[in-house]
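Contents: one structure, followed by commentary.
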Amino acid sequence: MTRIPLSALIGLFFTGVYFFTAVFAGLIAPYGVADIVGGVWEPASSQFLLGTDSIGRDLLSRMIYGGRTTILIATAATLLSFVTGSLLGFTAAVVGGWVDQLLSRGVDLVMAIPTLIFALIVLSVMPVSIPVLILVMGLLDATRVFRLSRAVAVDIAVMDFVEAARLRGEARGWVIFHEILPNALSPLVAEMGLRFIFMVLFISTLSFLGLGVQPPLADWGGIVKENKDGIVYGVGAALAPAVAIATLAISVNLVADWVLNRTTSLKGGRNG
Amino acid sequence: MTHPIVRLLTQRIALGLLLLLAASAMIFAGTQILPGDVAQSILGQSATPEALANLRAELGLNEPAIQRYFRWLGAALHGDLGTALTNGQDIATAMGKRLGNTLFLATCAAVIAVPTAILLGLIAVRYEGRWPDKLISGLTLSTVSVPEFLLGYIAMFLLAVKVAAFPSVATIYEGMGFFEKLRVVGLPVLVLVLVVLGHMMRMTRAAILNVMQSAYIETAELKGLRPFQIIARHAFPNAIAPIVNVVMLNLAYLVVGVVVVEVVFIYPGMGQYLVDHVAKRDVPVVQACGLVFATVYIGLNMLADVIAILANPRLRHPK
Chain A
733 MTRIPLSALI
743 GLFFTGVYFF
753 TAVFAGLIAP
763 YGVADIVGGV
773 WEPASSQFLL
783 GTDSIGRDLL
793 SRMIYGGRTT
803 ILIATAATLL
813 SFVTGSLLGF
823 TAAVVGGWVD
833 QLLSRGVDLV
843 MAIPTLIFAL
853 IVLSVMPVSI
863 PVLILVMGLL
873 DATRVFRLSR
883 AVAVDIAVMD
893 FVEAARLRGE
903 ARGWVIFHEI
913 LPNALSPLVA
923 EMGLRFIFMV
933 LFISTLSFLG
943 LGVQPPLADW
953 GGIVKENKDG
963 IVYGVGAALA
973 PAVAIATLAI
983 SVNLVADWVL
993 NRTTSLKGGR
1003 NG
Chain B
99 MTHPIVRLLT
109 QRIALGLLLL
119 LAASAMIFAG
129 TQILPGDVAQ
139 SILGQSATPE
149 ALANLRAELG
159 LNEPAIQRYF
169 RWLGAALHGD
179 LGTALTNGQD
189 IATAMGKRLG
199 NTLFLATCAA
209 VIAVPTAILL
219 GLIAVRYEGR
229 WPDKLISGLT
239 LSTVSVPEFL
249 LGYIAMFLLA
259 VKVAAFPSVA
269 TIYEGMGFFE
279 KLRVVGLPVL
289 VLVLVVLGHM
299 MRMTRAAILN
309 VMQSAYIETA
319 ELKGLRPFQI
329 IARHAFPNAI
339 APIVNVVMLN
349 LAYLVVGVVV
359 VEVVFIYPGM
369 GQYLVDHVAK
379 RDVPVVQACG
389 LVFATVYIGL
399 NMLADVIAIL
409 ANPRLRHPK
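Chains as they are written, first to last, in our numbering: chain A, 733 to 1004; chain B, 99 to 417.
Now the structure itself:
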């Protein structure tokens, strides 16, 4: 077992803190998510650690509950994108032939339209609810996971042990889950961190545009939208999510970097 | 026997057009995937059957989807993008001015971002692994970790409110002087530059570093050339193709970043038009905007490949 480098420890710690507050938001937040407890845009005080928002709700509580919504949606969408993307990617690599062609060209096509634009097009006719958001974000992002997992699996699929499994007469599903998946896991896990960050940015952007999480539910993008008018008067409430998103993004990046480095050192790893 | 460049170019352009056709079908299909239909979702559950029937007839929903798609595409090719549901205006007219505004914004950003990114990339390569490189990488990494709209508000908070250097809202109208316009779009341009600078600089750095590992660079080093001379004379010309590719990809990215930035600074461009009408569920406008954005995006990607083909010296002299 190698030692975990300091940067990865910091990343793990902050990521852990964010997930912890997300799970136990109800216990940690000092006030309820929709309770009006003070005046409009009160400055930070011992009573309201981050001040209050545009209609007098406690900003810290909003941020904590908002983090829960944002992280929940981002996590669910990442999982969905990984399950569909990697399963299809592995299938394309193992089966090959026209199945591979069909899936790959389909993915090329979806990626030819910018993700945000495509999401906006779909959301213009779909009801904007959390399951729909997760579905749209997850499936659109699955294209990127598909490319990566297909590329990784194509390399593995020609290895001797896969050939041996095929000659033994194992089923395709068995080959995918017992031979390909364990060997492709590390690069996928590193990519998962990056995709998660992308999802956080994506859902925040959608909410900011008013097409994501709907009020009174809080989320980081929505908090910016609700408090953006304060900026002109010098009230910084709308900038609080910037700090949260940036620290979460950087800490997950640090962890992903570490996983990736570990993987590459494992690959060349007999002598070092 | 045609020249290989001509053959490659025709192949690439044909592929681009095919992709565009398929993308238009996807945009159309994207608004048809509902279990119910568009009319129902626009009017909501409480709509009367008469209103539904009227809207269905207006949207032509009584015809099969394939037929509607080809009619829509045919009209769009003739410059007729239909009329908006919400106010009955002709979409092409409403879009024309906004498209101009958006292109103005994106061009300003590109004019600043491209040379800066290449210069920073060159400096980072020259001082690879030392403090200038680390500083540039760190700064660009932090701008990439914050979403565009937040960068916009941070810039607004610091530069328009704390220091009144720029107006906080980029209102632009006809008859405005060119320099007046430039001052007004200062903040949105700054944000767009920051957004693409990170990606562009990192990719430029990677492209030049890749070239720096070639044997002819080692030769140049052994000849005793100075590091900047090596980069400028030997590495840069060979890295042009990948760099042009990077630039084009990021310009395509700029097209999307513009959507969010326009909303932040209330700038009357394509992005705001799209977002407004998504919220109003005005499907014809959304489809038209999607088509324009996809065309620009696919076009820039195609242009990147075309330039890469043209810049590749190995293809210029067929055997």
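From the three backbone atoms N, C-alpha and C, an ideal C-beta is built for every residue, glycine too.
Would you check if the distance between the CB atom of residue i and the CB atom of residue j is smaller than 8 angstroms?
i                     : j                     : result
residue 882 (chain A) : residue 810 (chain A) : no
residue 834 (chain A) : residue 820 (chain A) : no
residue 941 (chain A) : residue 373 (chain B) : yes
residue 813 (chain A) : residue 889 (chain A) : no
residue 363 (chain B) : residue 286 (chain B) : yes
residue 405 (chain B) : residue 342 (chain B) : yes
residue 402 (chain B) : residue 347 (chain B) : yes
residue 392 (chain B) : residue 208 (chain B) : no
residue 852 (chain A) : residue 376 (chain B) : yes
residue 796 (chain A) : residue 753 (chain A) : yes
residue 103 (chain B) : residue 306 (chain B) : no
residue 366 (chain B) : residue 199 (chain B) : yes
residue 251 (chain B) : residue 845 (chain A) : no
residue 344 (chain B) : residue 302 (chain B) : yes
residue 211 (chain B) : residue 282 (chain B) : no
residue 129 (chain B) : residue 354 (chain B) : no
residue 740 (chain A) : residue 990 (chain A) : yes
Three-state secondary structure (DSSP) at residue i?
i                      : result
residue 196 (chain B)  : helix
residue 181 (chain B)  : strand
residue 789 (chain A)  : strand
residue 768 (chain A)  : strand
residue 380 (chain B)  : coil
residue 747 (chain A)  : helix
residue 784 (chain A)  : strand
residue 951 (chain A)  : coil
residue 736 (chain A)  : coil
residue 1004 (chain A) : The predicted position of residue 1004 (chain A) is uncertain, since its pLDDT is 34 and thus under 50; a value taken from the coordinates is nonetheless stated next. Residue state, collapsed to three classes: coil.
Residues of chain B with CB under 8 angstroms from residue i, in chain order?
i                     : result
residue 937 (chain A) : 245, 246, 247 and 358
residue 973 (chain A) : 248
residue 943 (chain A) : 373, 376 and 377
residue 977 (chain A) : 243, 244, 245 and 248
Could you tell me whether the Cβ of residue i comes closer than 8 angstroms to any Cβ of chain A?
i                     : result
residue 372 (chain B) : yes
residue 391 (chain B) : yes
residue 396 (chain B) : yes
residue 295 (chain B) : no
residue 240 (chain B) : yes
residue 128 (chain B) : yes
residue 117 (chain B) : yes
residue 388 (chain B) : yes
Say whether chain B places a C-beta atom closer than 8 angstroms to the C-beta of residue i.
i                     : result
residue 791 (chain A) : no
residue 930 (chain A) : no
residue 981 (chain A) : yes
residue 683 (chain A) : Residue numbering for chain A in the displayed model covers 733 to 1004; residue 683 (chain A) lies beyond these limits and cannot be assessed.
residue 749 (chain A) : no
residue 742 (chain A) : no
residue 990 (chain A) : no
residue 708 (chain A) : The structure shown does not extend to residue 708 (chain A), since chain A spans only 733 to 1004, so no value can be given for it.
residue 933 (chain A) : yes
How would you list, in chain order, the residues of chain B whose beta-carbon sits under 9 angstroms from the beta-carbon of residue i?
i                     : result
residue 970 (chain A) : 248, 251 and 255
residue 940 (chain A) : 245, 247, 248, 358, 361 and 362
Since residue i meets chain A, which of its residues come closer than 8 angstroms, beta carbon to beta carbon?
i                     : result
residue 379 (chain B) : 856 and 857
residue 384 (chain B) : 852, 853 and 856
Show which residues of chain A have a CB atom less than 9 angstroms away from the CB atom of residue i.
i                     : result
residue 125 (chain B) : 845, 849, 850 and 853
residue 153 (chain B) : Chain A residues near residue 153 (chain B): none, gap ~13 angstroms exceeds 9 angstroms.
For residue i, go through chain A and note every residue whose CB falls closer than 7 angstroms to its CB, in chain order.
i                     : result
residue 120 (chain B) : 841
residue 354 (chain B) : 846, 848 and 849
Legend entry - At least 3 beta-carbon pairs within less than 8 angstroms: the region 380-399 of chain B vs the region 169-181 of chain B: yes
Inset, instruction - Specify whether the region 865-879 of chain A and the region 956-966 of chain A touch according to this definition: at least 3 beta carbon pairs, one from each stretch, less than 8 angstroms apart. - result: no
Inset, instruction - For the region 313-325 of chain B and the region 296-304 of chain B, state whether three or more C-beta atom pairs, one from each stretch, are separated by less than 8 angstroms. - result: no
Legend entry - Cβ contact check for the region 900-915 of chain A and the region 929-936 of chain A: 3 or more pairs under 8 angstroms: no
Inset, instruction - Say whether the region 793-808 of chain A touches the region 973-982 of chain A, bearing in mind that this needs 3 or more beta-carbon pairs closer than 8 angstroms, one atom from each stretch. - result: yes
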